[in-house]
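Novice:
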Amino acid sequence: MTMILGLYNYWVVIVLMMIGFYMIIAHGNLIKKIVGLNIFQTSVFIFYISVGNIEGGSAPIWDESIILYSNPLPHVLILTAIVVGLATTALALALIVRLNEAYGSINEDEIQAMDNQDMVNHSLSNQHRDQEPC
Amino acid sequence: MLAGIYGLVSASFFVVMDAVDVAFTEASVGAGISTLLMLTTVAMTERTEREARHKPLLAFIVVFITGIFLLYGTFDMPYFGSVDAPSHNHVGPRYTLDSMNEIGIPNMVTSVLASYRGFDTFGEVTVIFTAGIGVLALLGVVRRPEDNSVIEAVNDSMHEQHLILRIIIKILIPFILLYAFYVQFHGDFGPGGGFQAGVIFAAGIILYSMLFGLNIALRVIKQPVVQLLSAIGVLMYGSVGVVSILNGGSFLEYAVLSDDPISGQHLGILLIELGVGLTVASVMIIIYFSFSGRSEYRQSKEGTSL
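Residue numbers (the working numbering), protein chains in the order written: chain Y, 12 to 145; chain A, 5 to 310.
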């Protein structure tokens, strides 16, 4: 019982992380992949913050009457990671928008199929050109 | 919508675990801007997902096995909230015990962020700036004046419907921006700082441009100015470091900025947080403007081709 109470925070993190992981692997839709990546990211945030927590500690803002604080270091790391995460998500979404403009699809398989088709066409036309002088 | 709620719930998670600064950031980022960007992208691409998943069973097995291994790993982890966990035994106590004497500001998160780990934060600000440039390069649209009449007509017809919202937002926006400044300059004493303030400030501007249209917002906030400001923020951060080298210290050593080491630290942290706030706010505004500018550009293109 103490083990369950002592470790449940890690288990919550693992469940969230695996949900995100599954979304990244299984979904072909690129936006869904980004959503999965965000869930994965949040699980890491929760992991860090829960590691930094101390039973009975208070928020790390100095006051004379408080003797025990939570560890401020994970807070700093995650605070900046959240904003950086937003910036990188925005970059990924911008890439998706441009992909959609170029291919008319945000589905990974369809984009791959179009790329393969292009490659086949390209090599065919190259072969054609090679044969022409003969 | 669900993503917004998810962001808010994880923010309240962080409050429970005593991480007020983090909760602050997550509430403004997770519940606000990131949801907005997701929705914009969905609106610009496809609304429905086609039934195409790569072997869901195989993926599930991979995920399941990874999960089992991770679960096995947790049995060696220290219990939640225990004081003697390894993470609390190295630099953590130094930060909590000595930061008040060494840096002289009550909020330990700010002193670690801006002073002890100033290099990290500099790197992160640069990453945010680079992401802003990337979005601009991918989605930036050169606006021509003749496009605007079409867009304005669309905007006007749309905005008639939101009269109550517009009036209320008009009253609220000064307070949102004022609050951002409070968070910016009170970050030394309470939860807050450049990152949160930047996001809140940008949220105020984004709210304005959502309800009044991008063109009106662009009239108030010129895009080149915002781009310049985002670069100035990073430059300000770096130049504080250079000035401290010139004063005989090492890079980003604030104690040499003033005769008294403590007031030097205060000055350095204030300037750096200002730089961070500038960059974050202007990059968020750039990102939103590029996204919505792109969608309006496409709407107007579709409108003329029809």
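Quick reminder that beta carbons are idealized off the backbone N, C-alpha and C, glycines included.
Everything numeric in this text was worked out from a predicted model, so none of it was measured.
Taking Y:Trp22 and A:Leu75 to be in contact with their CB atoms under 8 Å, please state how far apart those CB atoms are, rounded to whole angstroms.
Specialist: That pair is a contact at about 7 Å.
Novice: Tell me whether A:Arg121 is buried or exposed, calling it buried when 16 or more other Cβ atoms sit within 10 Å of its Cβ.
Specialist: Buried, because 16 or more other Cβ atoms sit within 10 Å of the Cβ of A:Arg121.
Novice: Can you tell which of Y:Ile35, Y:Gln52 and Y:Val62 has the C-alpha that lies nearest to the C-alpha of A:Asp88?
Specialist: Comparing Cα positions, the closest option is Y:Val62.
Novice: Could you check what DSSP says for Y:Ile72 in three-state terms: helix, strand or coil?
Specialist: Strand at Y:Ile72.
Novice: Considering only the alpha carbon of each residue, which of A:Thr283, A:Ser299, A:Gln303 and A:Gly252 lies closest to A:Ile236?
Specialist: Out of A:Thr283, A:Ser299, A:Gln303 and A:Gly252, A:Thr283 has the C-alpha closest to the C-alpha of A:Ile236.
Novice: Can you check which of these residues, A:Ser119, A:Ser248 and A:Thr134, is closest to A:Asp263 by C-alpha distance?
Specialist: Among A:Ser119, A:Ser248 and A:Thr134, the Cα nearest to that of A:Asp263 is on A:Ser248.
Novice: Between the region 100-130 of chain Y and chain A, which residues of the former have a C-beta closer than 7 Å to a C-beta of the latter?
Specialist: From the region 100-130 of chain Y, only Thr100, Ala101, Leu102, Leu104, Ala105, Leu106, Ile107, Val108, Arg109, Asn111, Ile117, Asn118 and Asp120 have a Cβ closer than 7 Å to chain A.
Novice: What first and last residue would you give for the alpha helix (DSSP H) that runs through Y:Val108?
Specialist: Note, Y:Val108: alpha helix (DSSP H), Pro83 to Tyr114.
Novice: If you reduce the DSSP assignment to three classes, tell me which class Y:Asn49 lands in.
Specialist: Here Y:Asn49 sits in helix by DSSP.
Novice: With distances taken between CB atoms, is the gap from Y:Ile42 to Y:Ile122 smaller than 8 Å?
Specialist: Contact flag unset, no.
Novice: Buried or exposed: Y:Gln128, going by 16 or more other Cβ atoms within 10 Å of its Cβ?
Specialist: Its Cβ having fewer than 16 others within 10 Å, Y:Gln128 is exposed.
Novice: Using three-state DSSP, classify A:Asn251 as helix, strand or coil.
Specialist: Looking at A:Asn251 - three-state DSSP - the assignment turns out to be coil, as it is neither helix nor strand.
Novice: For A:Leu256, report the span of its alpha helix (DSSP H) as first-last.
Specialist: First-last for A:Leu256: undefined, no H or E at that position.
Novice: Could you tell me which uninterrupted alpha helix (DSSP H) segments, each at least 4 residues in length, are contained entirely in the region 224-250 of chain A, listed from first to last along the chain?
Specialist: Segments of the alpha helix (DSSP H) lying fully in the region 224-250 of chain A: 227-250.
Novice: Taking Y:Ile60 as the reference, which of Y:Met14, Y:Asn20 and Y:Asp126 has the closest Cα?
Specialist: Of the candidates Y:Met14, Y:Asn20 and Y:Asp126, the one whose C-alpha sits nearest the C-alpha of Y:Ile60 is Y:Asn20.
Novice: Looking at C-beta atoms only, is the number of pairs between the region 190-209 of chain A and the region 266-284 of chain A that lie closer than 8 Å three or more?
Specialist: The answer is yes - the region 266-284 of chain A touches the region 190-209 of chain A, with three or more Cβ pairs under 8 Å.
Novice: Taking 8 Å as the CB-CB cut-off, is Y:Gly63 touching chain A?
Specialist: Answer yes: the Cβ-Cβ gap between Y:Gly63 and chain A drops below 8 Å somewhere.
Novice: Does the distance from the CB of A:Ala48 to the CB of A:Ser299 come in under 8 Å?
Specialist: Sequence inspection shows Met at residue 48 of chain A; the Ala mentioned does not correspond to that position. Their beta carbons are under 8 Å apart, which means A:Met48 touches A:Ser299 by this criterion.
Novice: What residues in its chain sit with their C-beta under 8 Å from that of Y:Phe32, if we drop five residues either side in the sequence?
Specialist: So the qualifying residues of the chain are Gly47 and Phe51.
Novice: Report yes if the C-beta distance between Y:Ile93 and A:Glu30 is below 8 Å; otherwise report no.
Specialist: Contact flag set, yes.
Novice: Is there a Cβ from chain C that is less than 8 Å from the Cβ of Y:Val55?
Specialist: Among the chains of the structure shown, chain C does not appear; the protein chains present are Y and A.
Novice: Determine whether the beta carbon atoms of A:Met240 and A:Leu274 lie at a separation below 8 Å.
Specialist: The answer is no: Cβ separation not under 8 Å.
Novice: Which residues of chain Y have a Cβ atom closer than 9 Å to the Cβ of A:Gly194, listed in chain order?
Specialist: Under the 9 Å cutoff, chain Y gives Ile72.
Novice: If you compare alpha carbons, which of Y:Arg140, Y:Ser116, Y:Leu135 and Y:His133 is closest to Y:Gly39?
Specialist: Among Y:Arg140, Y:Ser116, Y:Leu135 and Y:His133, the Cα nearest to that of Y:Gly39 is on Y:Ser116.
Novice: Give the single residue among Y:Gln138, Y:Ala98, Y:Val26 and Y:Gly17 whose Cα lies nearest to the Cα of A:Phe73.
Specialist: The shortest Cα separation from A:Phe73 among Y:Gln138, Y:Ala98, Y:Val26 and Y:Gly17 belongs to Y:Val26.
Novice: Going by Cα to Cα distance, which pick from A:Pro178, A:Val246, A:Leu62 and A:Asn111 is closest to A:Phe126?
Specialist: Out of A:Pro178, A:Val246, A:Leu62 and A:Asn111, A:Val246 has the C-alpha closest to the C-alpha of A:Phe126.
Novice: What are the uninterrupted segments assigned as alpha helix (DSSP H) that are 4 or more residues long and contained completely in the region 17-93 of chain A, given in chain order?
Specialist: DSSP runs (the alpha helix (DSSP H)) wholly in the region 17-93 of chain A: 24-32, 38-48 and 60-78.
Novice: Shorter than 8 Å from the beta carbon of A:Met240 to some beta carbon of chain Y?
Specialist: Closer than 8 Å: no.
Novice: Where are the alpha helix (DSSP H) runs, 4 residues long or more, that stay fully inside the region 164-220 of chain A, in chain order?
Specialist: Qualifying alpha helix (DSSP H) stretches, in chain order: 167-189 and 198-216.
Novice: With DSSP run on the structure shown, which of helix, strand or coil describes Y:Asn64?
Specialist: If DSSP states are grouped into helix, strand and coil, Y:Asn64 belongs with coil.
Novice: Under a Cβ-count criterion, where at least 16 other Cβ atoms within 10 Å of its own Cβ denotes burial, should A:Pro60 be classed as buried or exposed?
Specialist: Classification for A:Pro60: exposed.
Novice: Under 8 Å, Cβ to Cβ, is there at least one residue of chain A near Y:Ile42?
Specialist: It does; some Cβ of chain A falls within 8 Å.
Novice: Is the CB of A:Tyr301 under 8 Å away from at least one CB in chain Y?
Specialist: A:Tyr301 does not count as touching chain Y.
Novice: Within 10 Å of its beta-carbon, does A:Gln231 have 16 or more other beta-carbons around it, so buried, or fewer, so exposed?
Specialist: Result: buried.
Novice: Between A:Gly136 and chain Y, is any beta-carbon pair separated by less than 8 Å?
Specialist: Closer than 8 Å to some Cβ of chain Y, the Cβ of A:Gly136 qualifies, so yes.
Novice: Got a sec: is the Cβ-Cβ distance from A:His92 to anything in chain Y below 8 Å?
Specialist: Yes, A:His92 counts as interfacial toward chain Y.
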